[in-house]
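Here the structure comes first, spelled out in C-alpha cells, and everything after it is commentary.
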Amino acid sequence: MRVEVKMPSVSAGMESGIVVSWLKAVGDTVERGEALAEIETDKATLDLEARVAGTLSEILTDAGQEVPVGTVIATVETDE
Amino acid sequence: MTPNTSDQSVTAAPPHPAADGRIAWYRRMLEIRAFEDRVQELFMDGLVEGTTHLCQGQEAVSVGAINALGADDYLTITYRGHGQALARGMSPEAAFAELMGRADGCCHGVGGSMHLTDFSRGLIGSFAIIGASFSVAVGAAMAAKLQGRPVVAMAFCGDGATNIGTFHEALNMASLWKAPVVFVVENNLYGEYSPLRSTTSVDDLADRAKANGMPGVIVDGQDIVAVHETATAAVARARSGKGPTLIEAKTYRYRGHSRTDPAAYRPAGELDAWKKRDPIALLGATLAAEQVLSAEDQKALARDVQKSVDAASEKAATSRVATMEEMRHFVYAD
Numbered sequence: 000m001r002v003e004v005k006m007p008s009v010s011a012g013m014e015s016g017i018v019v020s021w022l023k024a025v026g027d028t029v030e031r032g033e034a035l036a037e038i039e040t041d042k043a044t045l046d047l048e049a050r051v052a053g054t055l056s057e058i059l060t061d062a063g064q065e066v067p068v069g070t071v072i073a074t075v076e077t078d079e
Numbered sequence: 000m001t002p003n004t005s006d007q008s009v010t011a012a013p014p015h016p017a018a019d020g021r022i023a024w025y026r027r028m029l030e031i032r033a034f035e036d037r038v039q040e041l042f043m044d045g046l047v048e049g050t051t052h053l054c055q056g057q058e059a060v061s062v063g064a065i066n067a068l069g070a071d072d073y074l075t076i077t078y079r080g081h082g083q084a085l086a087r088g089m090s091p092e093a094a095f096a097e098l099m100g101r102a103d104g105c106c107h108g109v110g111g112s113m114h115l116t117d118f119s120r121g122l123i124g125s126f127a128i129i130g131a132s133f134s135v136a137v138g139a140a141m142a143a144k145l146q147g148r149p150v151v152a153m154a155f156c157g158d159g160a161t162n163i164g165t166f167h168e169a170l171n172m173a174s175l176w177k178a179p180v181v182f183v184v185e186n187n188l189y190g191e192y193s194p195l196r197s198t199t200s201v202d203d204l205a206d207r208a209k210a211n212g213m214p215g216v217i218v219d220g221q222d223i224v225a226v227h228e229t230a231t232a233a234v235a236r237a238r239s240g241k242g243p244t245l246i247e248a249k250t251y252r253y254r255g256h257s258r259t260d261p262a263a264y265r266p267a268g269e270l271d272a273w274k275k276r277d278p279i280a281l282l283g284a285t286l287a288a289e290q291v292l293s294a295e296d297q298k299a300l301a302r303d304v305q306k307s308v309d310a311a312s313e314k315a316a317t318s319r320v321a322t323m324e325e326m327r328h329f330v331y332a333d
C-alpha cells in the first residue's frame, strides 16, 4: 500500500515548511518512527518521522524547497 | 549521563507480583507507548491545538508507582501526564478526545493535553504549573487525614520542579504534619532544555528529602518491578501514619521537552544507551525468560494494543466539539 508523507502542521498557524534535507533516499527501507527528512518551520527544525514501515518510494519535494502544510512530499510503500 | 544500572534500587528480593499482574503492566506500558506515538502524529496533523509533552521511555515509573495505589487514593500529575492518567485507568479514547478538545474528553474538551483529570479515579489534577502537583497532594492528603479517611495521595513531578519553592514547602509541611503522601520525582535528566546538573546543586534529588526529615529513595525508573516495590513500601508507610516518602525514579524521555523540540542538546549516543534499557523491553525479556509470556505472544499483544489505540483515536476524532454553553458550564460555577 502506498502511504503519502505530508508536510506536517508543527505549530498553530503554520502555513508552510521547508524540507531542509532528506535523510533517506528512494529505495531505502524505513521503520515506523525513523527520520525521513529534516523540516524547518518558523518555530524549529525537526525530524519528519515515518508513520509506517516500508520502502521510500518517491521524493516529491527537493531539499531546500518550501511547500504549504499538507503537501505530499514523499510516498512510502508499505510491506502489507 | 548513561543509564543507571547499578545497585540504586532500594528494596531487595521482593515477592514477585503475580504473573498476571505483570502482564497487565506490560500491556499498559504498550498502551502508553502507542498512545504517545499517536499523539505526536495527531499534533503533526493539526488535530490537536497547543503543545504536548510526551513520556515515551518513562512508562515504568507511571505504571509501577500508580499500581501501588488503592482505588480510593488520590493522584496528582504534571503536564507530562498522559502516561500517568492511562496508568490510573483513564481510557485512551477519553484522553484522545480531551487532547482534541472534544465533548467526550475526560474534561469535556476544555482541559487539553496538560490537564487530564478524572475525580472518579482519584486523579484530582494534572498541573502545568511546575510544582503545583506536590502542594495540592499535601492538601488532599491532609483533608483525608483530618476526616479520618485512610487515603494516600501520590504526587508526580519532574526533576526541574525540585528547584521550585513549592516543592520544598510541600515536603516540609507534609513531613511536619505526617501527611499520607508519596512524592514521586521522575528524573529524566533534563528540565526543559537544560541538563539537570546545569541547574541543580545535587546529583541525587532524593537527597532533598533529608532536609525535610523524610526518607529519600532512589529507584531504577526503567525497572517496573523495582518501581512498584518501592512505591508499595512508601504507600504502606504513608497509610500507617508514618508520613511521606520522596522517591526519585531515574529515567529518560526519548523525545524532546515538547513537540517542536528535537532535543539536539543531548550528547550523541545518550538516547541509544537508554533505549538499551527500554522499560517495556526489560519487562518483556523477564516475562519471556520466566515463560510467562513468550516473545511471540508479546508481539501479538502489541498488535492488539496498537489496534485498540488506533480505534480509540479514530473514535475520539468523531466526537463533537463542546458547545460554548457546555464550555461555560464546565469552567464557571452557576
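Chains A and B, in that order, give the protein sequences. Under numbering that gives the first Met the number 0, the residue at position 7 of the first sequence is numbered 6, and the numbers go up by one with no gaps. Under numbering that gives the first Met the number 0, the residue at position 292 of the second sequence is numbered 291, and the numbers go up by one with no gaps. Think of the CB as a built atom: it goes at the ideal place given N, C-alpha and C, for glycine as much as any other residue. Because the structure is a prediction, the values reported are computed rather than measured.
Between the alpha carbons of A93 of chain B and Y331 of chain B lies a gap of roughly 22 Å.
When B:T198, B:A248, B:K241 are compared, the shortest CA-CA separation from V218 of chain B is found for B:A248. Against P243 of chain B, chain A offers no close residue; the least beta-carbon distance is about 39 Å (beta-carbon pairs closer than 9 Å).
At the C-beta level, T250 of chain B and A233 of chain B stay beyond 8 Å of one another. Taking CB atoms only, P67 of chain A has no neighbour in chain B less than 8 Å away. At the C-beta level, S132 of chain B and T77 of chain B come within 8 Å of one another. Y25 of chain B is positioned such that its CB atom lies no closer than 8 Å to that of G220 of chain B.
Look at R50 of chain A: its C-beta is under 8 Å from a C-beta on chain B. Nearest neighbour of D222 of chain B by Cα position, chosen from B:M323, B:S61, B:G157, turns out to be B:S61.
For V47 of chain B, no pairing in a beta bridge is given by DSSP.
With contacts defined by Cβ atoms closer than 8 Å, L170 of chain B and M213 of chain B form a contacting pair.
For the segment 2-33 of chain A, the set of residues with a beta-carbon nearer than 9 Å to any beta-carbon of chain B comprises K5, P7, S8, V9, S10, A11, M13, R31, G32, in chain order. At a cut-off of 4 residues, the continuous stretches assigned as alpha helix (DSSP H) that sit fully inside the segment 54-123 of chain B are 58-65, 81-86, 91-98. Scanning its chain for C-beta atoms nearer than 7 Å, with the 5 sequence neighbours on each side dropped, one finds around H52 of chain B the residues Y78, R79, H256, S257, in chain order. Three or more beta-carbon pairs separated by less than 8 Å link the segment 52-71 of chain A to the segment 17-31 of chain A, which places the two stretches in contact.
Excluding residues up to 5 positions away in sequence, G190 lie with their Cβ nearer than 6 Å to the Cβ of G159 of chain B in the same chain. Note that the C-beta distance between E14 of chain A and G32 of chain A is not below 8 Å. Interface residue (Cβ-Cβ distance to chain B less than 8 Å): T44 of chain A is classified as such. With respect to S318 of chain B, R101 of chain B sits close: the two C-beta atoms are nearer than 8 Å. Neighbours of T51 of chain B in chain A, taken as residues at a C-beta separation under 9 Å, are lacking, since the least C-beta distance is about 12 Å. Between M89 of chain B and H167 of chain B, the alpha-carbon positions lie close to 30 Å from each other. Residue range 1-5 is occupied by the beta strand (DSSP E) that includes R1 of chain A. Put simply, of B:R238, B:R252, B:E35 the residue whose alpha carbon is nearest the alpha carbon of S112 of chain B is B:E35. Distance from the CA atom of I38 of chain A to the CA atom of T259 of chain B, rounded to whole angstroms, is 11 Å. About 12 Å separates the Cβ atoms of V184 of chain B and M153 of chain B, ruling out a contact at the 8 Å cut-off.
Residues of chain A whose Cβ lies closer than 8 Å to the Cβ of D303 of chain B do not exist, since the nearest Cβ in that chain is about 17 Å away. Runs of the alpha helix (DSSP H) lying entirely within the segment 123-181 of chain B, each at least 4 residues long, are 131-146, 164-175 in chain order.
At a cut-off of 8 Å between C-beta atoms, P261 of chain B counts as an interface residue with respect to chain A. Against chain A, a Cβ distance below 8 Å from E40 of chain B picks out R50.
For E48 of chain B, the nearest beta carbon of chain A is closer than 8 Å to its own beta carbon. Of all residues in the segment 99-121 of chain B, none is placed with a Cβ closer than 7 Å to any Cβ belonging to chain A. In this structure V2 of chain A touches V51 of chain A by the C-beta definition: roughly 5 Å separates them, less than 8 Å. Rounded to whole angstroms, the Cβ separation of A230 of chain B and G63 of chain B is 6 Å, and the two are in contact under 8 Å.
The alpha-carbon separation between V137 of chain B and L145 of chain B amounts to approximately 12 Å.
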